[in-house]
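Take the sequence shown: its letters are residues 17 to 408, numbered as in this note's numbering. Even glycine gets a Cβ: it sits at the ideal position worked out from N, Cα and C.
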Amino acid sequence: MEDYEFSWQTTSMSAVPLQFIVQVYTSSSTCTIGPSYTGTRPAGACVGVDIGQTVVEQAIFTVGCSGVTLTDVITTSPPGMTRGTITQSSSNPLQYTMSMTWTPAASAWGSNLVCYTPIDSLGQQGNTQCVTYLVAVTAPELIYTSYVNGTMSPVGTVMSTQNVWRVECTKAVNRPSSVAYIRFYQTSTATQVYALEVSTDMTNVIYSNFTLIFFTSYSWTPVSHLFKVSYIGVVTGTEFCGPQSRPITDPNFWPFNIFNSAAYANMTGMTTSSTTTIIPNVTTQAVSTTTANPAITTTGITVPSSTTPYTGTGTSSTIRTTTTTSSSTSTTTTTSTTSTTTVPPVQILQPSEIIKKCQQPVILGTLLSTTVVGVISSIIYGVFMAKIAASM
């Protein structure tokens, strides 16, 4: 191994010999695919952990061929981290899990590396994959909301052409360096209908301070009327290696309905596909008429004009009675009474007269203030001139 200060140099600063032994053998098995680490945390993930918080991770490994088993996993881990037994999956015989448990102390503050190297029953060794745990560094999280114009939009019912989505986070976020997906599922069938790979899609996925914005190019179908969004580490923090957000497994984190325009177009009273408009019937009640009774008159009332104020007194009129005729004919007789009432003077003013009356005090106030200011100015001027004359 040679050491150079700069890449363009041809003479090394130092050199140390390195020797290792390679054993070449002929396997009796046709399986040439070694075991691999497959999650649940992706290789290269950065995880934020609080001091004193117990971390339990399920490391998953997969062997390359049927009939081959996973015999061991070489681990490199921080002090105090314990590993469980290797367990074969009951649903997938090629898959194995091993739990890792750790409660970091204050002395573990900062970056802590956990690495896995799986070995199968053929002696084949898989690639070493590592996960970093940042102690005392909190990972950003997506903020849930269920109301309009909250930390997530859109929510509720959206159109089939909806293509802009936004969600706020608990702290400033960056793009993850490892593979992570935003996934849309159709709830009725639990099948994925759309996905965005956020680590490489610079056009449709935007990270802006505390906000994640992404764009879709999918025509949503209202068959099931409900979709959900799933995240797995799609945002990372800004500290050190960038702690990733936790996977979101809650199916109700971001559900939304698709507006079914066809269902509303066929409702009664609206134009259907055959261009037939249904107009509801309206029932009209029988028309009634009201006529004045000419036998009863009004006396003693002077009706003022729009310009003549009424200042006198008079007697009240005889009560005027009307006879109403409807679909069922009937006659009503009313006895009239006369009484004497003193009416106080009433003066009717036009808007222009009101304006004139309001302008009078304003004009008087203006003249008064102008006069006072003039007198004060004259006194001040006289005093000033007297001082000038005295000083000369």
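When you compare each of the options to residue i by their alpha carbons, which one comes out closest?
| i | options | result |
| --- | --- | --- |
| D266 | T219, N220, G100 and Y201 | Y201 |
| I198 | S45, A75, W270 and M114 | W270 |
| Y112 | T103, N276 and Y223 | T103 |
| T173 | S23, S137, V221 and S277 | S277 |
| Y210 | L383, P51 and F231 | F231 |
| S224 | T186, T205 and Y234 | T186 |
| P192 | Y20, G398 and P156 | P156 |
| E184 | S176, I222, N268 and Q178 | I222 |
| S176 | D217, S233 and Q141 | S233 |
Is the beta carbon of residue j closer than 7 Å to that of residue i?
| i | j | result |
| --- | --- | --- |
| T87 | R99 | no |
| A75 | M17 | no |
| I37 | A122 | no |
| S194 | G55 | no |
| I264 | W236 | no |
| V130 | M114 | no |
| C62 | Q260 | yes |
| A188 | S215 | no |
| P51 | P134 | yes |
| T254 | N165 | no |
| V147 | R57 | yes |
| Y53 | Q145 | yes |
| P95 | N128 | no |
Quick one: Cα of residue i to Cα of residue j, how far?
| i | j | result |
| --- | --- | --- |
| V153 | G64 | 5 Å |
| T26 | T227 | 49 Å |
| T351 | G381 | Confidence at T351 is low in this model, with a pLDDT of 47, below 50, so its placement is unreliable and the value that follows should be read with caution. Roughly 59 Å separates the two Cα atoms. |
| Q35 | I49 | 27 Å |
| C257 | Y149 | 9 Å |
| V180 | V171 | 12 Å |
| M97 | W118 | 4 Å |
| T46 | N143 | 20 Å |
| T219 | R182 | 15 Å |
| K403 | Y397 | 10 Å |
| T161 | I229 | 16 Å |
For residue i, count the other beta carbons within 10 Å of its own beta carbon; 16 or more makes it buried, fewer makes it exposed. Which is it?
| i | result |
| --- | --- |
| I379 | exposed |
| M401 | exposed |
| G83 | exposed |
| F272 | buried |
| G249 | buried |
| T347 | Unreliable positioning characterises T347 in this predicted model, as indicated by a pLDDT of 44, which lies under 50. The coordinate reading is nonetheless provided below. Per the 10 Å Cβ criterion, exposed. |
| L22 | Position check: residue 22 holds Phe in this sequence, whereas Leu was assumed. F22 comes out exposed. |
| E213 | exposed |
| A14 | As shown, the chain starts at 17 and ends at 408. That puts residue 14 outside it, with no answer to give. |
| D136 | buried |
| M168 | buried |
| T20 | The sequence shown places Tyr at residue 20, not Thr. Y20 is exposed by the Cβ-count criterion. |
| A124 | buried |
| N297 | Reliability fails at N297, whose pLDDT of 47 lies under 50, so the model's placement of it is uncertain and the value that follows must be treated cautiously. When all chains shown are included, N297 counts as exposed. |
| L383 | exposed |
| T101 | exposed |
Less than 6 Å between the CB of residue i and some heavy atom of the ligand FAD, yes or no?
| i | result |
| --- | --- |
| N128 | Absence of the ligand FAD from the depicted structure is noted, as is the absence of any ligand whatsoever, leaving it without description. |
In the DSSP assignment, what are the bridge partners of residue i?
| i | result |
| --- | --- |
| W118 | V71 |
| M168 | V183 |
| T113 | I76 and T103 |
| C131 | T92 and C146 |
| G64 | L150 |
| V221 | F230 |
| R191 | Per DSSP, none; premise fails for R191. |
| S82 | Per DSSP, none; premise fails for S82. |
Let me see if you follow: with CB-CB separation under 7 Å, is residue i close to chain D or not?
| i | result |
| --- | --- |
| I49 | No chain D appears in this structure, which consists of one protein chain only. |
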